[in-house]
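Numbering (this note's numbering), first residue to last: 58 to 170.
Glycine is no exception: its CB is placed at the ideal position from the N, C-alpha and C atoms.
See the structure below:
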């Protein structure tokens, strides 16, 4: 189990460190087709260094698949509704490879405020 303290760090720096650990790239026996049995625990997610400008301007897209259903949600609204955990999970998800292993890798991620 690896613990990462997110206090006074930027979101991208924390997300890259988590993604590399979840993929197993920090080990000597890295294989891209396997998932290491490591659990990554991110603590102090609410103390990330995110500027107010970024909270207002950063938009997350969501599309259900139906025509005309594309919606944009600002980071500030997601933080109010679901908390900082969701922001960290979205950032890490975007840095993991887009294949069948992504969902299984994300199950090894635990985020707390």
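In the DSSP annotation of this structure, the continuous segment of the beta strand (DSSP E) that includes residue 166 starts and ends at 166 to 168. The C-beta of residue 141 has 16 or more other C-beta atoms within 10 Å across all chains shown, which makes the residue buried. Of all alpha-carbon atoms in 130, 145, 157, the one lying nearest the alpha-carbon of residue 104 is that of 145.
According to the DSSP secondary-structure assignment, residue 131 is paired through a beta bridge with 116.
With 16 or more other Cβ atoms inside 10 Å of its own Cβ, residue 166 counts as buried.
Excluding five sequence positions before and after residue 63, the CB atoms of its chain that fall closer than 6 angstroms to its own CB belong to 71, 99, 101, 102, 105, given in chain order. Collapsing the DSSP output to three states places residue 106 in coil. DSSP, reduced to helix, strand and coil, places residue 100 within a strand of the structure shown. Contact between the stretch 105 to 123 and the stretch 67 to 86 is established, with three or more Cβ pairs separated by less than 8 angstroms. Note that the stretch 155 to 164 touches the stretch 79 to 96; at least 3 beta-carbon pairs, one per stretch, sit closer than 8 angstroms.
Under the three-state reduction of DSSP output, residue 60 falls in the strand class.
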